[in-house]
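Reviewing the structure listed below.
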Amino acid sequence: MSSRIAAIDVGNDAIKAIFGKLESELYIPNVIAKDIEDRPVIGIEELDEKNPLEGLHIRVHSPALQDNNAIYRVGN
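Under UniProt numbering, think of the first position of the sequence shown as 1, with each following residue one higher.
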């Protein structure tokens with residue numbers, strides 16, 4: 001069995017993560033803004049010009065929420 005080590009900190013200002021032996025890290029600021037539509041999907045051929053973590057978008061689905069299926073942008 002193969003395992004991979006990860007350290008994740010969900011802090012007040014950002015989500016910070018380190019994977020493996022410091023070979024890969026991730027930083028997503030806790031800046032959230034409501035949006036009205038999904039952004040276009042970034043294709044593999046566009047990864048040289050666009051960063052998929054810029055303007056990360058999420059859809060929050062929960063029937064318990066008054067604003068169900070709301071779309072938010074997260075990060076810079």
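All C-beta atoms in this analysis are idealised placements derived from N, C-alpha and C, irrespective of residue type, glycine included.
Source: prediction; values computed, not measured.
Tell me the rounded alpha-carbon separation between residue i and residue j.
i	j	result
N30	N69	20 Å
R39	E54	11 Å
L65	H57	18 Å
A14	E37	24 Å
R4	G20	6 Å
D67	E23	39 Å
If you measure between the beta carbons of residue i and residue j, is that distance less than 8 Å?
i	j	result
D35	I8	no
V74	I28	yes
I32	E25	no
K50	I44	no
Hey, would you say the C-beta of residue i is under 7 Å away from at least one heavy atom of the ligand COA?
i	result
P29	This structure lacks the ligand COA, and indeed carries no ligand of any kind.
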